[in-house]
Amino acid sequence: MKLHLTEEESAFREEMRTFFTTQIPQEIRDTVAAGRHVGKDGIVETMRIMNKAGLAVPNWPVEWGGRDWTPLQRHIWHEEMQLASVPIPLAFNASMVGPVIANFGSQEVKEKFLPPTANLDIWWCQGFSEPDAGSDLASLRTTAVRDGDDWIVNGQKTWTTLGQFADWIFCLVRTDPEAEKKQAGISFLLFPMDSPGVTLRPIKLIDGGYEVNEVFFEDVRVPGENLVGEVNKGWNYAKFLLGNERVGVAPVGSTKRNLATAKDIARSTGQLDDPLIAAHIVELENELLALELTALRVVANSADGKPHPASSVLKLKGTELQQAVSELIVDLGGPLSLASGATDESDVPEWARLATPTYLNLRKASIYGGSNEIQRQIIAGTILGL
Amino acid sequence: MKLHLTEEESAFREEMRTFFTTQIPQEIRDTVAAGRHVGKDGIVETMRIMNKAGLAVPNWPVEWGGRDWTPLQRHIWHEEMQLASVPIPLAFNASMVGPVIANFGSQEVKEKFLPPTANLDIWWCQGFSEPDAGSDLASLRTTAVRDGDDWIVNGQKTWTTLGQFADWIFCLVRTDPEAEKKQAGISFLLFPMDSPGVTLRPIKLIDGGYEVNEVFFEDVRVPGENLVGEVNKGWNYAKFLLGNERVGVAPVGSTKRNLATAKDIARSTGQLDDPLIAAHIVELENELLALELTALRVVANSADGKPHPASSVLKLKGTELQQAVSELIVDLGGPLSLASGATDESDVPEWARLATPTYLNLRKASIYGGSNEIQRQIIAGTILGL
Amino acid sequence: MDFTLDEEQTALRGAVRALLKGYDAEQRRSVVAEDPGFDEGMWKKLAEMGLLGLPFSEEDGGMGAGPVEVSIVAEEIGRMVAPEPFVEAIVLAGGLVAACGTAEQRAEILGAVASGASLPAFAYAEPHARWNVAAGGVTASQDGDSWTLTGVKEPVLNGARADVLIVSARTDAGIGLFVVDPSTVERTGYDTIDGGRAARIAFDKTAAAPLGEAGVDATEALATVIAAAQIAYSHEALGAMDVALTMTTAYLTTRKQFGVTLNRFQALTFRAADMYTSLELTRSIVTWATMVLQDNPRSADAVEAAARAKLQVSKAGRHIGKEAIQLHGGIGMTDEYAVGHYTARLTAIDHLLGDGREQIAHLSKTLGDHDVVEPLP
Amino acid sequence: MDFTLDEEQTALRGAVRALLKGYDAEQRRSVVAEDPGFDEGMWKKLAEMGLLGLPFSEEDGGMGAGPVEVSIVAEEIGRMVAPEPFVEAIVLAGGLVAACGTAEQRAEILGAVASGASLPAFAYAEPHARWNVAAGGVTASQDGDSWTLTGVKEPVLNGARADVLIVSARTDAGIGLFVVDPSTVERTGYDTIDGGRAARIAFDKTAAAPLGEAGVDATEALATVIAAAQIAYSHEALGAMDVALTMTTAYLTTRKQFGVTLNRFQALTFRAADMYTSLELTRSIVTWATMVLQDNPRSADAVEAAARAKLQVSKAGRHIGKEAIQLHGGIGMTDEYAVGHYTARLTAIDHLLGDGREQIAHLSKTLGDHDVVEPLP
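Protein chains in written order, with the numbering used here: chain A, 10 to 395; chain B, 10 to 395; chain C, 1018 to 1394; chain D, 1018 to 1394.
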């Protein structure tokens, strides 16, 4: 056992910290730190700066821009990014479709898509969930039918996050409706969002913002070359994609930053002297420490490249703490936290105006990306053998 | 809506309060108040005093000693008894076998058993649970086979509370093993614990005490006249018995008393000035108030004599609060709460010595008598239609 | 002791429920999208039913009804998350006028309020004061018989729409309450998270008339009116929780995943059972608080009962509000589906007039004064 | 950063586990039924393996091992709820002698402790002091070079069996530590709830030798030794939680109700998943605290890390201890079945050297001093 980082690891952390705090525009970082939406341009600008420095897609194969880092290095990179309030590389590109293409795509597909994906020249969105296939993803109904070399896609996707910004979509479609198991007969298709027959309808969320969408497909023609890997093997790629990312499953760094912000607020409003508030912050800090250490343990034990089953613990507890910190900030705001629509003319500070929308928005954290019920099922089944 | 008791109800409450605080020996009430075991003699003495005054079995038919009270009167009787630290009438007699005999027994059985049952001349125990039939009571295996007019009983019961004091047992036995549904083919038998072939083995619990037992039956001969009601209808009587008692499902009065004791302890040890302790007590007091008011609502709505489905809420929350108060007292004891075996020579006060055994013993509250999982199932199924 | 409504009260409930029936999620969405954030037509209808004058005495132009009747209206509004500001305008702002105003003020203001002609708002919150209703952010100055106010109140619920403002301010005597003509102040309105409206209101030597006798400390009167409003909010929250649970159980019995409806998943149904438990405990304590208030509206008992109700509402509202969304899954996150509106409103109510932690702090002060909490007087 | 054991440490774990293997529920029951509440033969075996001298320097007759090795032994003891007082006697009482004793005292006392010949006990608790280790219940008086103690310590773990007592007492300098010959005091022994033993010990002008230099305030040295004991207790608790969960999942997969094994009930399996989450979070923070202690055993960092570990252990121990019994149902309530022993021991550990609430109060004092909690130095 050893508490310290090695000299190399410390140097690496310093390098990351310096990069993120000096190379990413202050304005973008201030926006993230304040809890405002950074917008498409800020995300694109950040990812391009990182890509130029070789820091956008370290998890990819080296030939496509990856860095062959240790899991701990990847963890440090991810944490320092969050602690510096840097928007993380777009997950749809960096963690989802990129690794799938790099692992399963043809050489042609790789060459065509990987460089623009790493540089966010293509903004991808994910076409997985459907209205009747939420947690039960494999029961999806969107079909793709052969027409010569092409595929004709019909159906509907939903919960397509940031689809309104997307250039392309990666999509699970049913290509063999006769397959015996619902997991078989699914394929993984890529196509532009401006293909004829694609319609997007933004869904307003309970915080008043727009980040998910419904996407409708009506006879969308997709060239055969846009199929990733083999036909009817899409479920394997989806499973790879969903299990791929064990670094950053739990938003530790950003929650730490938010909790520090909450403590600052409590201090500046005199509430840190309230023993109940102080006790609550102590408890949250401790649970967050336990979570971060668990993430470090998982990272240390994932050298074989397979997702550690305890990733589910990270997702479960990580989202709970993320939500709890946002709730604390609403409480610190008290009656001010109602004033979500106030502008800078208001005497209500920005943090209080954003508090309740953020709290409500984060209810999604325990639903999307494998709900916490699914995580409990994985723990009970895979780890505990129940 | 009306907050106040009627004049009659107030007078009734006063009458009960006076009776319990003047007619039950102080020593017995002190023992209960201190959280010590009152023992068989104290329970018998108390119940006989109450029976003499017509207060032992108010829920029975009037001709057998019942009082035809309103549900609110029964509630007041029950609460005042607990607040005065009076041991409640033995449940096996007063709430379980008594009402079953009174409702389903023959005139002969009634005459033979009801008077000594009300006076605790017979101490009853319950033979329901079996090693492989816990929450799933109906899968019981103890058999009774006809032999002339008699029944021959073989099998095993467990969790037989206070069986070590019992004179008689009321027992569910399988009389028709061929019945299609497991609930059919069960009968309700009565027999003395000193019948040849009955063996009792006390089970030590985790608090070090003895209150439950295993009871073994080997060719126990039971006269046919000791069968209650009809043969093979025992499950109906058991359901009646289990659903019979809606007053006192939640131990509100005793938990209130214990919480007041905890507050006294906190005050006298200086811990009431600790804001975290004070906050915790405030929360417990509030939840207990909500529980008591819910009990009053249930009482008010149960005029038709059927168990109110919200009884499950009372059991669920009532046992949770009972456990929470016992946990608080352990915390107030701090390191003293380890000293469970100390005697009066010790400087550790009695409440601290009893704290952890009581806490551990009360883990049973959410298991016995229909576990809290069963209560949630009832709420989800019966009330919410899920 | 009796927890049930009498016939008239039951009829009132039925009438309010029928009136609000049209308030489905879509209707609500279109109403809250436009200023003033509620339906002026509906407000008129509430006035026509006599609901806007419900708690005021008949001589003040009201119906002379009690806390139980008020609670019925609040609960029905909560059931529909109707955006009409019944508690804010009638129970709180109107309640203050009724409690503290001179006969003249009562007649002038409350008559117009009851008829729906005038919407009152109580300006009490200050940006740095949390739930302190007169922390010093607005001060009152006296010059002979004239008073002026200076400072900022924010957020003032319905402050931009209000026709008359009741304002709390520091005076030499303690807390003073004043009546201010909204046309004489600077008002900046905006949306609140629950679909309502609030405003920043700046007073700059603004002329103000003392509510009631001048120079009197209103601390005690405020406490009892706030208690009445806390209890009414608690009923509004109770109605919202009830429907949020109903929506959730309905969803669980219809939505399919993995080939079966969700109510086949025991872990989910047990959580619904826990929501029901929270709801029933809340119903008990909130109803009780109403009876305590009815018994003696101007008592310390009522203030304590209100704190107890609000504490339980804070806990249960969070529990039920969160679980209702979680058990719905993704659909619960959308503005199109109503369940999120309930959660948003529950969150707002929690943070009005003191959240759970604030009630704990309040109740901690008197914790040592009693042996047990006795619900029956 | 590295959370794994090296080869030697893994071998140590294997050896301790093998030694304790025979400690099933029945063996434990018969051992704790008789004084001294642990197995003297097993204690000898632990000594023979060198475990009783593990943390002491080689010149003091020990093995010179660090906190990681200590944690391994504590965790294995926790896994078996073995009643041998390793943390109490070796880490706490022995640790104080190692930290504060003169070279002579260390050689004399620790050699005998390491060989199993002498069982030390630390008498610190006082009936009215909660976790204050020298609240004034025992005071020390000096007369020339001679010291005497007067007052009562209780409960003193293993106080009746102990061969040498280390006693904390108020002195003019602050807290003093003293060595007392048990044969000179009045000891009243009894059972504790976790199967162990404790005693009331009365001092009446009892001769006592200062541990280390006389008249020095031991507050700081005590804090760091207590931190080491808190961390060792945390490992003991961790081992107990781990096995309690394993027993529970094993029961769920074998026990049938309603015709199927209990693991078919989703509500139960989800609760087991939550137990696992508690366990893993605890494992992380407790292991980290050990590394902090190893890094600098005499630091404020170690004291804070110990408080953090103990806070998490308090919460997780309650959670897992309660759920383990509940998910077992009736059988979990019985003394014959081991799971209740785990819950009892977890409850005891929680209330030794400060429960969760006490750690929160401690950590609240320095809450404002840092921006975020950084696990890496």
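Where is the CB? At the ideal position from N, CA and C, for every residue including glycine. Bear in mind that the values here come from a model prediction, so they are computed numbers and not experimental data.
List, in chain order, every chain D residue whose beta-carbon is nearer than 7 Å to that of residue i.
i: C/GLN1283; result: PHE1282, GLN1283 and ALA1284
i: B/ASP340; result: ASP1372 and ARG1374
Taking 8 Å as the cut-off, decide whether the C-beta atoms of residue i and residue j are in contact.
i: B/LEU64; j: B/TRP78; result: no
i: B/VAL258; j: B/LEU341; result: no
i: B/ARG150; j: B/GLU89; result: no
i: D/VAL1303; j: D/ALA1244; result: no
i: D/ASP1211; j: D/ALA1355; result: no
i: B/VAL271; j: B/ILE215; result: Looking at the sequence shown, residue 271 of chain B is not Val but Ala. Cβ atoms of B/ALA271 and B/ILE215: not closer than 8 Å.
i: A/GLN91; j: A/GLY262; result: yes
i: C/MET1018; j: B/LEU12; result: yes
i: A/PHE179; j: A/GLN135; result: yes
i: D/PRO1137; j: D/ALA1110; result: yes
i: D/LEU1228; j: D/VAL1196; result: yes
i: C/PHE1287; j: B/MET10; result: no
i: A/ILE212; j: A/GLU223; result: yes
At the 8 Å Cβ level, is residue i part of the contact set with chain B, yes or no?
i: D/PHE1139; result: no
i: C/ASP1234; result: no
Quick one: list the residues of chain B neighbouring residue i, beta-carbon separation under 9 Å, in chain order.
i: C/PRO1463; result: No statement about residue 1463 of chain C is possible, as the shown extent of chain C runs from 1018 to 1394 and does not include it.
Under 7 Å Cβ-Cβ, which residues of chain B neighbour residue i?
i: A/PRO284; result: PRO284 and LEU285
i: D/LYS1038; result: The premise fails here: D/LYS1038 is roughly 23 Å from chain B at the closest Cβ pair, so nothing lies under 7 Å.
Would you mind giving the Cβ-Cβ distance between residue i and residue j, rounded to the nearest angstrom? I have them listed as a contact below 8 Å.
i: D/VAL1090; j: D/LEU1113; result: 18 Å between Cβ atoms; not a contact.
i: D/ASP1318; j: D/VAL1309; result: 6 Å
i: D/THR1156; j: D/ALA1186; result: 6 Å
Does the beta carbon of residue i come closer than 8 Å to any beta carbon on chain C?
i: B/ASN295; result: yes
i: B/LYS326; result: yes
i: A/PRO344; result: yes
Can you tell me which residues form a DSSP beta bridge with residue i?
i: B/GLU223; result: B/ARG210
i: C/ASP1208; result: C/ARG1214
i: A/TRP133; result: A/TRP177
i: C/PHE1139; result: C/ILE1183
i: D/ILE1243; result: For D/ILE1243, which the question treats as bridged, DSSP gives no partner whatsoever.
Is the shortest distance between the beta-carbon of residue i and the beta-carbons of chain D less than 8 Å?
i: C/PHE1287; result: yes
i: A/LEU330; result: no
i: A/ILE392; result: yes
i: A/ILE388; result: yes
i: A/ALA269; result: yes
i: A/ARG210; result: no
i: B/PRO186; result: no
Using a C-beta to C-beta distance shorter than 7 Å, which residues of chain C count as neighbours of residue i?
i: A/GLY350; result: TYR1207, ASP1208 and THR1209
Indicate whether at least one CB of chain A lies closer than 8 Å to the CB of residue i.
i: B/ALA288; result: yes
i: C/GLU1353; result: yes
i: C/ARG1300; result: no
In chain C, which residues lie less than 8 Å from residue i when you measure between Cβ atoms?
i: A/VAL291; result: Residues of chain C passing the Cβ test: none, with the nearest at roughly 15 Å.
Below 8 Å on C-beta distance, what does residue i contact in chain A?
i: D/THR1027; result: Under the 8 Å cutoff, chain A gives no residues; its nearest Cβ is about 12 Å from D/THR1027.
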